[in-house]
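Numbering (my numbering), first residue to last: 35 to 344. Yeah, the Cβ is synthetic: ideal placement off N, Cα and C, and Gly gets one too.
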Amino acid sequence: MSADTGSYRLITRPDFDGVVCGALFMEQDMIDSVMFAHPRDMQHGKIEVSREDITTNLPYVPGVHLCFDHHVSESERVGPMENHIIDPKAPSAARVVYDHYGGKDTFPLVDPALIDAVDKADAAQFTEEEILAPDGYTLLNFILDGRTGLSRLRDFAISEEQLMIDMMTYCRHHPVEEILQIPDVAERVRTYILNEEFAELQIKRCAEVTDNVVKVDLRGEDTLYTVNRFLVYALYPECDISVHLTNLADRGLVEIAVGKSILDRGNKTNVGSLCLKYGGGGHAAVGTCQVEPDHADRVAKEIVAAVRGK
35 MSADTGSYRL
45 ITRPDFDGVV
55 CGALFMEQDM
65 IDSVMFAHPR
75 DMQHGKIEVS
85 REDITTNLPY
95 VPGVHLCFDH
105 HVSESERVGP
115 MENHIIDPKA
125 PSAARVVYDH
135 YGGKDTFPLV
145 DPALIDAVDK
155 ADAAQFTEEE
165 ILAPDGYTLL
175 NFILDGRTGL
185 SRLRDFAISE
195 EQLMIDMMTY
205 CRHHPVEEIL
215 QIPDVAERVR
225 TYILNEEFAE
235 LQIKRCAEVT
245 DNVVKVDLRG
255 EDTLYTVNRF
265 LVYALYPECD
275 ISVHLTNLAD
285 RGLVEIAVGK
295 SILDRGNKTN
305 VGSLCLKYGG
315 GGHAAVGTCQ
325 VEPDHADRVA
335 KEIVAAVRGK
């Protein structure tokens, strides 16, 4: 399908998938501004939208020009809509955009390796070696992933949002080796590398293994070192699920995050359903709940028991 005429605002998530979606729309000169949003804000109507908006990788909201997505739950929730371009079999929203507009024929200057890389990242198809020693697009993905936590440790020359917008331009025609040398990216890479060893030691210090479950209790830590969110599975390959406890100082609560290993996908627990029992939620493979500090130990113990041996 040929690209639309006219300029739209892109509303997307601030991550690698969002960056590549933006790059594809920029390549077709379809967008003139970018806004980053959280899925919950879209669902709760906190983001005002119009026919001048295109959304990607976010819940469908009536009133937008086009919505691109790949989550099967959205297909079930929304049903067929003319402006809802969704492919539940696609690994990433960027793949949906790329294929919808004609793939390589429409984007001859965009390296197909970039689309393959965002597919791999969004589906978390990383090897143990890539988790422990990331490079290329894998490293770029970890740098752009807000869950890595780089912004917790220092202020950078430009904001995360500005970096995402800049990356939409750079990713279109530059090889990843050049992108990683761009000063605003390189300073984040240096911070990531400097913290890797500290993060590994921190996880090992705070981890407790029970059969197939690794619990990482970070409540007593003053500093949370930056790390890609899959490192725990490379450090504990015998575990197929993790339970993390972290203080939410600004809310006076403890967050309990549960996730299945991407290296051993055998655990049968429906994590989202489990977290729902404690006021949280999520997907089949990942979920979170937030509890009062006095209840955190009990809830964590119950969750470990629920996922143990599954």
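Bridge-paired residues (DSSP) for residue i
i    : result
Y259 : BP columns for Y259 are empty, so no partner.
S276 : V248 and G293
R43  : S67 and D87
Q196 : Beta-bridge pairing links Q196 to no other residue.
V54  : Per DSSP, none; premise fails for V54.
V288 : N281 and V325
V243 : V248
Where the alpha helix (DSSP H) through residue i begins and ends
i    : result
Q236 : P217 to C240
F176 : G170 to L178
G321 : It is not in any alpha helix (DSSP H) - G321 instead sits in the beta strand (DSSP E) that spans V320 to V325.
Y267 : L265 to L269
G79  : From DSSP, G79 is part of no alpha helix (DSSP H); its letter is neither H nor E.
I95  : Before going further, note that residue 95 is Val rather than Ile in the sequence given. Counting along the chain, V95 falls outside any alpha helix (DSSP H), and DSSP gives it neither H nor E.
G306 : V305 to L310
Pairwise C-alpha distance: residue j and residue i
i    : j    : result
E336 : A268 : 25 Å
L148 : L58  : 11 Å
E162 : V325 : 32 Å
A291 : G40  : 42 Å
F70  : G56  : 11 Å
V288 : R253 : 8 Å
P327 : H105 : 33 Å
D274 : T303 : 10 Å
S276 : T244 : 10 Å
H317 : V112 : 17 Å
V266 : V305 : 17 Å
E194 : D256 : 23 Å
N246 : D139 : 47 Å
D75  : D189 : 26 Å
P168 : N262 : 9 Å
S67  : M60  : 10 Å
N301 : R342 : 9 Å
E82  : D103 : 19 Å
E234 : E116 : 48 Å
Q159 : V223 : 21 Å
Three-state class that DSSP yields for residue i in the structure shown
i    : result
M202 : helix
V66  : Contrary to the premise, residue 66 reads as Asp rather than Val in this sequence. Here D66 sits in strand by DSSP.
D331 : helix
H118 : strand
D298 : coil
L100 : strand
L184 : helix
G315 : strand
V341 : helix
V210 : helix
A151 : helix
F160 : coil
R111 : helix
F59  : helix
P48  : coil
R74  : helix
Residue-chain proximity (residue i, chain C), Cβ-Cβ < 7 Å
i   : result
F70 : Among the chains in the structure shown there is no chain C, since it carries only a single protein chain.
- Message: Runs of 4 residues minimum, wholly inside the stretch 120-149: which ones carry the alpha helix (DSSP H) assignment?
- Response: 127-134
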